[in-house]
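Working notes, structure below.
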């Protein structure tokens, strides 16, 4: 189906160890396997003691032009952030992503302030929605609410 604006909510569970083992989230405004925007989580960084790693807990990417490597190099600290309070990387957490106009906000658990608030980088105004996972990750209770 076609999704442009609205909210995407889900429960997710990953793993806190080993590092680089668990990436879980959703893709939106998907045109194909290589053209999409995504929000994903790195549960192994949720409660990292290294502040640099902790700041990489939630990430926005816009493929193919803006993968995470390019964003981290050219726009450091703008499209990824820590989550406060940090969930347990081995337990279920709730995510709510709102896409309104060109803004993407990510709320975790009962947070009233976004863990991530970014302007979109792609020119896409619509597309499909999909699950996004690399390594271990589980998603449940997916709810998509189109904007008005």
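Numbering (the working numbering), first residue to last: 54 to 201.
Note that CB positions come from ideal geometry on N, CA and C, so glycine has one too.
Looking at the secondary structure, which residues open and close the beta strand (DSSP E) in which residue i lies?
| i | result |
| --- | --- |
| residue 199 | 191-199 |
| residue 149 | 146-153 |
| residue 82 | 75-85 |
| residue 106 | Careful: residue 106 lies outside any beta strand (DSSP E), inside the alpha helix (DSSP H) at 104-107. |
Do you know offhand how far residue i's Cα is from residue j's?
| i | j | result |
| --- | --- | --- |
| residue 162 | residue 128 | 27 Å |
| residue 88 | residue 171 | 19 Å |
| residue 182 | residue 85 | 10 Å |
| residue 198 | residue 59 | 6 Å |
| residue 111 | residue 168 | 8 Å |
| residue 187 | residue 145 | 17 Å |
| residue 72 | residue 123 | 20 Å |
On a CA-only basis, which of the options is nearest residue i? Give me that one, please.
| i | options | result |
| --- | --- | --- |
| residue 194 | 57, 100, 54 and 62 | 62 |
| residue 69 | 189, 187, 199 and 142 | 142 |
| residue 196 | 72, 73 and 79 | 79 |
| residue 177 | 123, 117, 73 and 103 | 117 |
| residue 119 | 201, 173, 54 and 200 | 173 |
| residue 156 | 54, 72 and 200 | 200 |
To the nearest whole angstrom, what separates the beta carbons of residue i and residue j, a pair I think is in contact under 8 Å?
| i | j | result |
| --- | --- | --- |
| residue 56 | residue 81 | 6 Å |
| residue 95 | residue 76 | 6 Å |
| residue 149 | residue 132 | Not quite, the Cβ-Cβ distance comes to about 18 Å (not below 8 Å), so this is no contact. |
| residue 158 | residue 165 | That belief does not hold up - the Cβ atoms of residue 158 and residue 165 are roughly 11 Å apart, past 8 Å. |
| residue 93 | residue 185 | 5 Å |
How is the alpha helix (DSSP H) around residue i delimited, first residue to last?
| i | result |
| --- | --- |
| residue 121 | 121-127 |
| residue 177 | Taken as a continuous stretch (DSSP letters only), residue 177 belongs to no alpha helix (DSSP H), as it is neither H nor E. |
| residue 158 | Not the alpha helix (DSSP H): residue 158 falls in the beta strand (DSSP E), residues 156-161. |
Just to confirm my understanding: we take residue i, look at its own chain, exclude 5 residues before and 5 after, and list those with CB closer than 6 Å. What are they?
| i | result |
| --- | --- |
| residue 175 | 90 and 115 |
| residue 147 | 64 and 162 |
| residue 190 | 67, 75 and 77 |
| residue 180 | 82, 83 and 84 |
Suppose the cutoff is 8 Å on Cβ atoms and the five residues either side in sequence are ignored; what does the same chain contact list for residue i look like?
| i | result |
| --- | --- |
| residue 107 | 98, 99, 100, 101, 135 and 139 |
Go through its chain and collect everything with a Cβ distance to residue i's Cβ below 7 Å, but skip five positions before and after it.
| i | result |
| --- | --- |
| residue 109 | 95, 98 and 133 |
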